[in-house]
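One structure below.
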Amino acid sequence: MPFLLMAIIFVVCLVASNLFASKIFTLGAKIVLPGAVIIFPISYIVNDCLSEVYGFRKSRLVIWIGFMTNIAFVLTAYLVTILPGAPFWDGDEAFQYVFSAAPRATVASMVAYLAGSTINAWVMSRMKVAQEGRNFWLRAVLSSLAGEAADSLIFIPFMFWTEGIWVVLTMMLCQVSAKVLYEVIMLPVTTRVVKHVKAIEGIDVYDRDISYNPFKIKDI
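Here the working numbering is used: the sequence shown runs in plain steps of one and ends on residue 222.
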C-alpha cells in the first residue's frame, strides 16, 4: 500500500508539472522560476523515499511508469486541442495556450526527467550502500542536488531558449536552489515517512548486487 501511494503521488506531480512549467513567475527582481517548481520537487522527495526503502529497482520501475503516463497525457492533450471549440464557448484560446504547450514541455521534460530522476535514485542507492545506511539526510540532499542539476541543465535551455541566455542561466540557478531548499525544508517530514514506511513494510533494501542500467525495466 505505501509503495502504491507513493507511486501515485510521483506520477501526479510529474504530469501536473508539464502544465505548470509553461508559466514563468518572479520573486523580487531577480528570482525567475517556472510554475512547475511548486510541485515538481515533491517527485524527487518521493523518489528519495522509494529508493531508500525499496531500492533502485522499484524506483526505476516508478520512473518508467511516470514516463509512460506522460506520453499518454500529452497524446490525449493533443487530441483534445485539435477538437473544434463550440461556437458559444469563449475559452478555446486560453485552453489552446495552456494545453498546446504541453507537448513541447513534455518533450523537454521527458529527457530531463529520465536523466534527473535516474541520477537521483542512483546517488541515493550508491550512497546508502557506501555509508551502510547512515546519514539519510545527506544522501537525500546530495541526490536531489545531482538530479535537479541534471534536470535543469536539460529542461530549461530546451524550454526557454527563446527568452535569452541570461534568463535561462538565472532560471537554472534559481530552480536548482529552490528545489534543493524545498528538499531541505521537507527533510524532517521525509525522514519520518521513510522510517514509517520501513516499519510498515518490514524492509530496508540495500542495492549490493544490481544493474544500474536505466533501461532494464523488467529487472524488478
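C-beta: ideal position from N, C-alpha, C; glycine also.
What residue does the alpha helix (DSSP H) around residue i start on, and which one ends it?
i, result
"P159", "138 to 162"
"I73", "58 to 83"
"M174", "167 to 203"
"L8", "Note on residue identity: the sequence assigns Met, not Leu, to residue 8. Run containing M8: 4 to 22, per the alpha helix (DSSP H) assignment."
Do you know how far the Cα of residue j is from the Cα of residue i?
i, j, result
"G87", "Q98", "10 Å"
"R59", "S53", "8 Å"
"M70", "F5", "18 Å"
"A151", "G118", "7 Å"
"Y80", "Y214", "34 Å"
"F101", "A132", "44 Å"
"T2", "A180", "Residue 2 is absent from the structure shown; the chain starts at 3 and stops at 222."
"I212", "F160", "33 Å"
"Y46", "W168", "26 Å"
"D221", "M3", "21 Å"
"E95", "P43", "30 Å"
"A123", "S61", "7 Å"
"W66", "A201", "26 Å"
"D153", "P190", "24 Å"
"A142", "D206", "16 Å"
"K32", "L85", "40 Å"
"G166", "V182", "24 Å"
Tell me where the beta strand (DSSP E) around residue i begins and ends.
i, result
"I33", "33 to 36"
"I212", "Premise fails: I212 is in no beta strand (DSSP E) and is neither H nor E."
"I26", "26 to 29"
Apply the 10 Å Cβ neighbour rule to residue i and answer buried if 16 or more other Cβ atoms are within range, or exposed otherwise.
i, result
"N20", "buried"
"D209", "buried"
"P89", "exposed"
"E185", "buried"
"T28", "exposed"
"T231", "The structure shown does not extend to residue 231, since the chain spans only 3 to 222, so no value can be given for it."
"V82", "exposed"
"G149", "buried"
"G236", "Here the chain comprises residues numbered 3 to 222, so residue 236 is not present and cannot be evaluated."
"R136", "exposed"
"F217", "exposed"
For residue i, which residues from the same chain have a beta carbon less than 8 Å from its beta carbon, with the 5 sequence-adjacent residues on both sides left out?
i, result
"L144", "V125, M129"
"N72", "L16, V17, N20, T108, S111, M112, Y115"
Quick one: what's got a C-beta closer than 7 Å to residue i's C-beta in the same chain, skipping five residues either side?
i, result
"C227", "Lying before the first or after the last residue shown, residue 227 is absent from the chain, which here runs from 3 to 222."
"E203", "P4, V55"
"F138", "E54, T193, V196"
"F157", "A110, S111, A114"
"V34", "I26, T28, V169, T172, M173, C176"
"S127", "S53, G57, F58, D209"
"V64", "A9, F12, L52"
"W163", "V170"
"I41", "C15, A18, S19, F22"
Tell me whether residue i counts as near the ligand SAH, meaning its Cβ is closer than 7 Å to at least one heavy atom of that ligand.
i, result
"V182", "What this structure holds is no ligand at all, so the ligand SAH is not there to describe."
For residue i, collect the residues of the same chain with a Cβ closer than 6 Å to its Cβ; drop the 5 residues on either side in sequence, then sort them by chain order.
i, result
"I11", "V48"
"G93", "none"
"V13", "G68, T71"
"F75", "V17"
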